[in-house]
Amino acid sequence: MRYPAMPESSCAACPHAWEVHDPIGIRFCFATTARGLDRECVCARSVDREKLYYR
């Protein structure tokens, strides 16, 4: 599936730049904007400052 080019460098659906979106984030944010939905961001987030827990 091809998406139209976005003229802005920032996403209208979330606070991230288009350049940092992964394929799922691109599809999700494009659909969110196209349909005018109000939902949370699914973009991958940085884990630099977060603790990771393992079992």
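Here the working numbering is used: the first residue of the sequence shown is -19, the next is one more, and so on.
Glycine included, every Cβ here is placed at the ideal spot set by N, Cα and C.
- The residues A(-8), A(-7), in chain order, have a CB closer than 7 Å to that of T13 in the same chain once the five nearest residues on each side in sequence are set aside.
- In this chain, the alpha helix (DSSP H) harbouring G5 covers 3 to 15.
- Between the alpha carbons of D2 and A11 lies a gap of roughly 14 Å.
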